[in-house]
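Under the working numbering, the residues of the sequence shown are numbered 999 to 1249, in order. Glycine included, each C-beta is placed from N, C-alpha and C at the ideal position. Reviewing the structure listed below.
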Amino acid sequence: NNNVVLDGNRLVVEPVYSDTIDADDATKWPNSSTNFGIWHHHKLLSVEARPMLKVGDSIQFNINRINNGNYQLLFAPQNLTHENLQPVLVDRFTGTETAISLADSSWVSFSISNEAGSKAANRFYIYFGKKKYPFAFVRVTATKTCATNIQAGWQVANEEDMEYYEPEYSSDDVNYTAIKKLAATGSGQYAADHTGFMKGNNFYRIKAVAQDGKISFSEKISVTDEGQAGFTASPNPVLDKTFNLQYTGKQ
């Protein structure tokens, strides 16, 4: 591997720094070959000092005097771990977006050609978005609240991208049908009542549909309905002053 460093720049963040151009920043002096700097407030910098990073911030790079060929950008963060930030490198030429780590080095490959836009000075920039954590079911329950109703309940986390939920029911744990459709409200807590269950085993699961159409299913929960306790007399009406009495329900 014969990689050669062509140029570089540095971003330094501390609460005491200003977002304006001042003595804490360093002007970029051009090289005779490839130049890779930071473009901020109409100034080309080799070192930019700014306040602590936050969602919505961006870094605009400036690249020029670069020849056709294959290259890599190396991002090497130090002490920048932030649980709520996700930096993304945007390539305006290809339209691609690449997540950059704040905890470890990231390498991003790119090519330079004579195609229009390939050598654009503002081809690359980083924006800082809110770090997204994966959607997850925290808890799923199914409870018989009375003789004629079973309530399915579920708790979720990180549902920002969810569109709606469909609690589903099955009497055989094979064929499931939706019993209701509930819009994702961001509350994280949902419940749906079901009265069309069968005697014996009843199975429930939650179908979660994201805004991009991605579907997730919760674990399955089973509820056993043993029927309502009581006595049955037969025959009815009574014949010859004799009848049978049968008890059904829990012992």
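Leaving out the 5 sequence neighbours to the left and right, which residues in its chain are closer than 6 Å to residue i when beta-carbon positions are compared?
i	result
Y1069	F1108
G1115	F1091
S1169	M1196
I974	This structure gives no information on residue 974, because the portion of the chain shown stretches from 999 to 1249.
Y1174	E1166 and S1168
W1037	Q1058 and N1060
D1171	F1201
Are the Cβ atoms of residue i and residue j separated by less than 9 Å?
i	j	result
V1053	L1087	no
G1035	F1059	yes
D1159	A1097	no
A1182	Q1149	no
A1119	N1062	yes
N1065	I1019	no
G1219	A1101	In the sequence on display, residue 1219 carries Ile and not Gly. No, Cβ-Cβ distance for I1219 and A1101 is not below 9 Å.
K1026	L1043	yes
G1194	E1157	no
G1259	V1138	Outside the displayed span of the chain (999 to 1249) sits residue 1259, for which this structure offers no information.
D1089	F1126	no
Buried or exposed: which applies to residue i, given that a residue is buried once 16 or more other Cβ atoms fall within 10 Å of its Cβ?
i	result
D1023	buried
R988	Outside the shown range of the chain (999 to 1249) lies residue 988, about which nothing can therefore be said.
S1216	buried
H1039	exposed
R1203	buried
A1206	buried
N1112	exposed
E1224	exposed
E1046	buried
N1077	exposed
N1001	exposed
N1033	buried
S1016	exposed
Could you name the residues of the same chain whose beta carbon sits closer than 8 Å to that of residue i, not counting the 5 residues immediately before and after it, in chain order?
i	result
K1128	V1053, N1082, L1083 and Q1084
N1029	D1005 and R1063
I1213	K1205, A1206 and V1207
Return the chain-ordered list of same chain residues with a C-beta closer than 7 Å to the C-beta of residue i, the five sequence neighbours on each side being excluded.
i	result
V1106	Q1070, L1071, L1087 and T1096
S1103	L1072, F1073 and A1074
K1117	I1064 and I1110
E1161	A1182, V1207, A1208 and Q1209
P1132	N1156
Every unbroken beta strand (DSSP E) inside the stretch 1010 to 1060 [3 residues or more]:
1033 to 1038 and 1041 to 1048
task: Report the residue ranges of all beta strand (DSSP E) runs contained in full by the stretch 1137 to 1190; include only those spanning at least 3 residues, in chain order.
output: 1147 to 1155 and 1160 to 1168
Exercise for the section: Report the residue ranges of all beta strand (DSSP E) runs contained in full by the stretch 1077 to 1142; include only those spanning at least 3 residues, in chain order. Expected result: 1083 to 1089, 1095 to 1097, 1104 to 1110 and 1122 to 1128
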